[in-house]
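The structure appears right after this line, and notes come after that.
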Amino acid sequence: MQKRYILILIILALSGTVFFGYMYYMRFHLPQQNKTYQADAKTAYDTFVSGDYATSIESLPALIAQAPNKSEVGRLKILLGVSYWVRDQSGDRTQAIKTLKEVVNDYSIPATWRAQALNSIARFVNDSSLS
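Here the sequence shown is numbered in this note's numbering, starting from 978 and rising by one per residue.
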């Protein structure tokens, strides 16, 4: 009978340790990661808006790999695709369409971002045919 109580106490202690470890991670570690990501995402967006597309193309793939969810992946890939299109060096326009098609074809990305990527492709093709 006493072995049973000791076993129950050990299980409860381990469960408590796992629970409090998880709570500590969620309370202190995860928010710090999100703050870092948010700061990096703001910097990347500001770089894109400023018109420094070469720097955007260099920084966005690493940020995409760190994205916390598929919505952010879609948004960042659209910025990357537009950066490629506007920079327009050798092979950039092909890479832009390829990047935007990745967003359109990834059904785990929310429909709003997939539609935005499709809209960007249509706009690019329309602008190319007019010039």
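Just so it is clear, CB atoms sit at the ideal spot from N, CA and C, and this is done for glycine as well. Predicted, not measured: the structure shown is a model, and the values here were computed from it.
- By the neighbour-count definition (other C-beta atoms within 10 Å, threshold 16), T1020 is an exposed residue.
- Contact between I1034 and S1060 is confirmed by a C-beta separation of about 5 Å, below the 8 Å threshold.
- Note on geometry: alpha-carbon atoms of I1074 and S1036 lie some 19 Å from one another.
- In this structure, the alpha-carbon of A1042 lies about 14 Å from that of I1086.
- If only complete runs of 4 or more residues are kept, the stretch 1016-1081 shows the alpha helix (DSSP H) at 1030-1043 and 1047-1064, in order along the chain.
- The closest CA to that of A1088, considering only T1071, R1100, K1012 and G1051, is found on G1051.
- Burial is judged here by how many other beta carbons sit within 10 angstroms of a residue's own beta carbon; L989 has fewer than 16 and is exposed.
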